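In order, the protein sequence lines correspond to chains A and B. Counting in the numbering used here, the first sequence runs without a single skipped number right up to 280 at its last residue. Counting in the numbering used here, the second sequence runs without a single skipped number right up to 427 at its last residue. Ideal Cβ placement from N, Cα and C applies to all residues, glycine included. Everything numeric in this text was worked out from a predicted model, so none of it was measured. These notes concern the structure reproduced below.
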Amino acid sequence: MENAIEVRNLRTHYGNIEILKGISLNVPKGLITAILGGSGCGKSTLLKHLIGLLKPTEGNIIINGRDIAGMNERDMDEVRKKIGVLFQGAALLNSMTVGDNVALPLREHTRLEGSTIQIMVRMKLDLVGLSGFDKFYPSQLSGGMKKRAGLARALAMDPEILFFDEPSAGLDPITAAGIDELILRLKDIFRITIIVVTHELASLFRIADHVIMLDRGEKVFEGELDELRASDNPRIRCFLERQAEEREYTPEDYFRIIAGD
Amino acid sequence: MELTRPFNVFFGSVGRKVLPLFREINQMSRLINDIFYWTVVSPLTGKRIRWKAAISEAVKAGYNSIPIVAVISLFVGIIMALQSAYQLKKVGAMIYVANLVGVSITRELGPILTAIIVSGRSGSAYAAEIGSMKVAEEIDALKTMGINPIRFLVVPKLIALVVMLPALTIIADFIGILGGFLLSITILELHPINYIQQTENALMIKDVITGLVKAGAFAVVITAVGAFEGFKVEGGAEEVGRRTTASVVLSIFLVIAFDCFFTALFYFFT
């Protein structure tokens, strides 16, 4: 199968701490790939590398055949026109209306007429179920509506790859399910390659085709949903069965911790 | 080993203080470099400047500051006239109040008071706006849309301030002199025509121009500091507040430091 993104031996550091410890993975084209993992496992850091916000210490990130790891900003901006990102908090510009937010990439990157842009904005808003909300400000919208508006903006430039950072975080189950349905529809209608960073199991089993699981900066699993379900890796089982992690200390270890040495 | 220890401690503590300062200076100069690239160079390569945003920033930073700038410069004009009169009446040279008020307002007080008011109003607003956009991932969102945040956010603010700060300074000059004039013709009992003639004789065009050159430089300082502190926000809302305060303190400090430099420059070279 053709890959939209290939990551090879990705290493990254915050100061002296190694966050991603040599990760390699593939994102197949036209499918939904879920990046899974607990808090602090490095999945947000991985996402930031994939969208070019952070530069790795080592390794390659190949998007549509081009390595973005060592790319300069000008070339990177060209790659970015072909990707869309929905941030966790939607990240709409609060000083602009929803319509202007969606129109922003079009106004900045194209020389389309104002009236054409208006029509495209209405189309994108209709696609995410927000028809008639273009004159509203982001502060007047609910959490779920903000995410839909953010998604409309991410779709504005007709991206080939779409990234979602925790799409169901902070939403009630019904609204979250609505977002999941929307993601599935985007895949079916437009054949967009979709990458979802999540730790929501319900959403994972509903939408994912391909799963990558990270743990403490390392990849512990890559494969299809059924393989994930069948896995006997204890870390994966803990995650899937919602079990708390057991901390195994010997008395000596514990003594060292409380003695601070 | 024991002998070198005090030296190590000394140089270590100096290094810990100085190195972060160098890093900040480095970051600041890179930001200023970027700001000039996106203001001057990139428009030549066909990237559009957001003129509409620049106009709306100009209204916020310039037009809306007119009342406060006017009131403060009126008071300062009155104060200058009173303080000059306090000394000048001893030598019976009251008419020179006009010279002192005119020259000190146009060369010095007009530009610096305007700059300090604008640092407090707009410099802090820039830091708060950019800082909270950073917290809400809006800056990241701009980057992933292929929109450079400096071009999008900072350049319109810079253009607005570089135009509006000299404009506000002209207003401050005029109203400051008016304040001195009003006090002189009433309380100091100077003749209005004499006062106006004396001001005309005392003021040279270069006094006004040096003041406006300063105002332009202050505009760059205020925008750069506001943006610098805003982009440095990493944490949450609390840090936005801290950076906002820091931006006001740093920009007032730098405005006065630059003023000192320019005043010395103009003293020797004009």
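Looking at the DSSP output, H229/A bridges to T52/A, E243/A. In the displayed model, R256/A falls within a helix according to three-state DSSP.
Contact annotation for A88/A against chain B: no contact, minimum CB-CB distance about 16 Å [criterion: below 8 Å]. By the CB criterion at 9 Å, A384/B and A293/B fall outside the cutoff. Contacts with chain B at 9 Å (Cβ-Cβ) include P124/A. Around I362/B, no beta-carbon contact reaches into chain A at under 9 Å, the shortest distance being about 41 Å. In this structure E241/A touches I231/A by the C-beta definition: roughly 5 Å separates them, less than 8 Å.
In this structure, DSSP gives I304/B a state outside helix and strand, which the three-state scheme calls coil. Contact residues of the stretch 290–320 of chain B toward chain A are A293, E294, E295, D297, A298, K300, T301, M302, G303, I304 (C-beta to C-beta distance below 7 Å).
In this structure G71/A is in contact with I87/A, their Cβ atoms being roughly 5 Å apart against a cut-off of 8 Å. The C-alpha of G393/B lies about 44 Å from the C-alpha of M237/B. L244/A and T212/A have their C-alpha atoms some 17 Å from each other. F155/A is the residue among F155/A, L220/A, S250/A whose C-alpha sits nearest the C-alpha of M115/A. Going by beta carbons, N91/A and R27/A fall outside the 9 Å limit.
Closest in alpha carbon position to M302/B, among V104/A, L112/A, R235/A, G148/A, is V104/A.
Under the three-pair Cβ rule at 8 Å, the stretch 363–372 of chain B counts as touching the stretch 259–268 of chain B.
Here Q354/B is exposed: its Cβ has fewer than 16 other Cβ atoms, across all protein chains shown, within 10 Å. Cβ-Cβ separation between A282/B and G219/B: approximately 13 Å, too far for a contact (criterion under 8 Å). Contact with chain B is absent for G118/A, since none of that chain's Cβ atoms lies less than 9 Å from the residue's Cβ. Pairing V412/B with G333/B gives a Cβ-Cβ distance that is not under 9 Å. Here Y273/A is exposed. Its C-beta has fewer than 16 other C-beta atoms within 10 Å.
Taking C-beta atoms under 8 Å as the contact rule, A110/A and D297/B qualify, at a distance of about 7 Å. Annotation: the stretch 177–227 of chain A contains the following complete segments of the beta strand (DSSP E) (minimum length 3 residues), in chain order: 180–184, 212–217.
At least one C-beta of chain B is nearer than 9 Å to the C-beta of K67/A.
With respect to L174/A, L205/A sits close: the two C-beta atoms are nearer than 9 Å. Ranked by Cα distance from A227/B, the first of F331/B, A272/B, S199/B, L160/B is F331/B.
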